[in-house]
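Chemist: My questions will all concern the structure given below.
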Amino acid sequence: MTYQITTILLLAFSVFMLTTACEESSSMDNNEASERPEYAIALHGGAGVISRDIDDEIRQEYVDALHEAIRLGRDMLEEGAEALDVVEQVVRLMEDNPLFNAGRGAVMTNEETFELDASIMDGRDLSAGAVAGVTTVRHPITLSRLVMENSRHVLFARDGAERYADMMEVERVDPSFFHTERRYEQLRRAQERDEVRLDHSGEQSMNPGGHAEIDDAKFGTVGVAVLDRNGNLAAGTSTGGMTNKRFGRVGDSPIHGAGTYANNETCAISSTGTGEEFIRHAVAFQISAIMEYTGASLNDAANQVINGKLQPGDGGIIGVSHTGEIAMVFNSPGMFRAAADSRGRFEVAIWDEEENLD
Ligand code: ASP
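In terms of our numbering, the sequence shown opens at residue 182 and continues consecutively.
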């Protein structure tokens, strides 16, 4: 009898403890959920050697451009826009700004031409689109989206991509539209450097007078990663590639898994830096895979890849996770970047983690 009463009491106690634990954990889930941002966006305007002695006026131009882009994205998300639309519209805005190495303002190839690359990815179903080496398309990000939504393929290159642009009737421009004096001077400097390199001269003489405060011979790409109110992730990247590039060189920007990746289960990522290294290390996919296979946070996964796999100076990523976590991780001296979310986070930065040029 005593034994039975003890058993009943023990059982009742266990049920009580279990119910309380469940209630606690469900209220924790609720708290966690309510702390999560409803939407989040991060963007970059390229990573690289950005001197802190950069002219105040030029610095302000970049800060203003980053503000304009992040405001557009945040306002669209606030109003309930879809992740893909936000990615496309924000990248388009940046493609039109000659400060960035994408669309107008793209860097020049060795032959003084422009060859633009872009990609976009939808985290809902891993659908993806990209173009490489387009020469007359004003907004390569839009053509990438059309490849994703209207073709059976993922990536069209060069003449084929131009023909696809004919079919899709996207806005075309004469290649001279992309020309800016600044990029022409950069090409000249890069070509001089090649000669200097052949002479085995030092870094100092490669940069006569130290005037290239933003050494974007390799960098300056734009990219956006978004979580929308519906919990969908998307990412996009657009670039002119590398100054002085030759022979149809294609970097990571139009390569899903390297320059761009989005998966609703993990994160959305856009990369910027030495494209060859980002391709070798499948940077964007690797971050997503670390999250998926180990349960790591976005920032942990991004740090493992950017600071553990790449070499210092290679570049960085911006990303947003499915829980609204934002990462902006780089191993170069600077990365033009901005972030915002539904909880009021709003920041623009170029150098250290701590700064906010808001
Ligand atoms: N990743 C780009 C490329 O290699 C360059 C950049 O990020 O600026 O083409």
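Note that the Cβ used here is the ideal one computed from N, Cα and C, for glycine as well. Bear in mind that the values here come from a model prediction, so they are computed numbers and not experimental data.
#1: Would Met516 and Gly497 qualify as a contact pair, given that the criterion is a beta-carbon distance under 7 Å?
#2: Determine, using beta carbons only, whether Ala508 and Ala483 come nearer to each other than 7 Å.
#3: Looking at Ala439 and Ala416, is the spacing between their C-beta atoms short of 7 Å?
#4: So, under 8 Å CB-CB, Ser300 and Pro493 are touching, yes? Tell me the CB distance rounded to an integer number of Å.
#5: CB of Gly456 to nearest heavy atom of ligand 1: below 6 Å?
#6: Within the chosen definition, does the segment 310-322 reach the segment 348-357 through at least 3 CB pairs nearer than 8 Å?
#7: Any contact of the segment 442-458 with the segment 324-343, i.e. 3+ C-beta pairs under 8 Å?
#8: Near Gln485, which residues of its chain fall below 7 Å by C-beta distance, leaving aside the five closest residues on each side in sequence?
#9: Below 6 Å, is the gap between the Cβ of Ser434 and the nearest heavy atom of ligand 1?
#10: Where does Met423 fall in DSSP's three states?
#11: With a cut-off of 8 Å on the beta carbons, I'd call Ala283 and Gly500 a contact; round off their distance for me.
#12: Determine the extent of the beta strand (DSSP E) in which Met289 is found, giving its start and end residues.
#13: In this structure, how does DSSP classify Thr418 when only helix, strand and coil are distinguished?
#14: Quick check on this structure: which residue in Ile251, Phe459, Val230, Asp340 has the alpha carbon closest to the alpha carbon of Gly525?
#15: When burial is assigned at 16 or more other CB atoms within 10 Å of the CB, is Thr418 buried or exposed?
#16: Thr447: buried (16+ other C-beta within 10 angstroms of its C-beta) or exposed?
#17: How would you label His462, buried or exposed, when you count the other beta carbons within 10 angstroms and need 16 or more for buried?
#18: Apart from the five residues on each side of it in sequence, which residues of its chain come closer than 8 Å, Cβ to Cβ, to Leu274?
#19: Apply the 10 Å Cβ neighbour rule to Glu503 and answer buried if 16 or more other Cβ atoms are within range, or exposed otherwise.
#20: Within 6 Å: the Cβ of Gly227 and any heavy atom of ligand 1?
#21: Please report the residue range of the beta strand (DSSP E) in which Glu166 lies.
#22: With H, G and I counted as helix, E and B as strand and the rest as coil, what does DSSP make of Gly515?
#23: Have a look at Val529 and Asn278 and give me their C-alpha separation to the nearest angstrom.
#24: Keeping to the same chain, check which residues put their C-beta closer than 6 Å to that of Ile468; ignore five residues upstream and five downstream.
#25: Any heavy atom of ligand 1 closer than 6 Å to the Cβ of Thr420?
#26: I need the DSSP call for Ala521, collapsed to helix, strand or coil.
#27: Would you kindly report the start and end of the unbroken alpha helix (DSSP H) that includes Asp303?
#28: Would you list the one or two residues that DSSP bridges to Arg541?
#29: If you reduce the DSSP assignment to three classes, tell me which class Ala342 lands in.
#30: List the residues that DSSP assigns as beta-bridge partners of Ser332.
#31: Less than 6 Å between the CB of Thr402 and some heavy atom of ligand 1, yes or no?
#32: Per DSSP, which one or two residues make a beta bridge with His437?
#33: Please list the terminal residues of the continuous alpha helix (DSSP H) segment that includes Val407.
#34: Closer than 8 Å by C-beta to Ser332: which residues in its own chain qualify, once you throw out the five before and the five after it? Chain order, please.
#35: For the alpha helix (DSSP H) containing Ile251, list its first residue and its last residue.
#36: Confirm, please, whether the CB-CB distance from Pro514 to Val244 is below 7 Å.
Modeler: A quick look at the data gives this:
#1: yes
#2: yes
#3: no
#4: Their Cβ separation, rounded to whole angstroms, is 26 Å, which puts Ser300 and Pro493 out of contact at 8 Å.
#5: Checking the 6 Å criterion, the Cβ of Gly456 is within range of a heavy atom belonging to ligand 1.
#6: yes
#7: no
#8: Counting only Cβ-Cβ distances below 7 Å, and skipping sequence neighbours, we find Ile471.
#9: Ser434 has its Cβ nearer than 6 Å to a heavy atom of ligand 1.
#10: Coil.
#11: The distance from the Cβ of Ala283 to that of Gly500 is about 18 Å, inconsistent with a contact at the 8 Å cut-off.
#12: No beta strand (DSSP E) holds Met289; DSSP gives it neither H nor E.
#13: For Thr418, the secondary structure class from DSSP, reduced to helix, strand or coil, is strand.
#14: Taking only the C-alpha atoms, the option nearest Gly525 is Ile251.
#15: buried
#16: buried
#17: buried
#18: Glu249, Ala250, Leu253
#19: At residue 503 the sequence reads His, which differs from the Glu that was named. Buried is the call here.
#20: yes
#21: Examination of residue 166 is not possible in this model, given that the chain is present from 182 through 539 alone.
#22: Residue state, collapsed to three classes: strand.
#23: 17 Å
#24: Ile450, Ala482, Ala483, Val486
#25: yes
#26: strand
#27: Element bounds for Asp303: not the alpha helix (DSSP H) but the beta strand (DSSP E), 297-303.
#28: Nothing in the structure corresponds to residue 541, since the chain is present only between 182 and 539.
#29: Three-state result, Ala342: helix.
#30: Among the bridge pairs identified by DSSP, Ser332 is matched with none.
#31: yes
#32: Thr441
#33: Premise fails: Val407 lies in the beta strand (DSSP E), 403-408, not in any alpha helix (DSSP H).
#34: Gly310, Tyr345
#35: 237-259
#36: no
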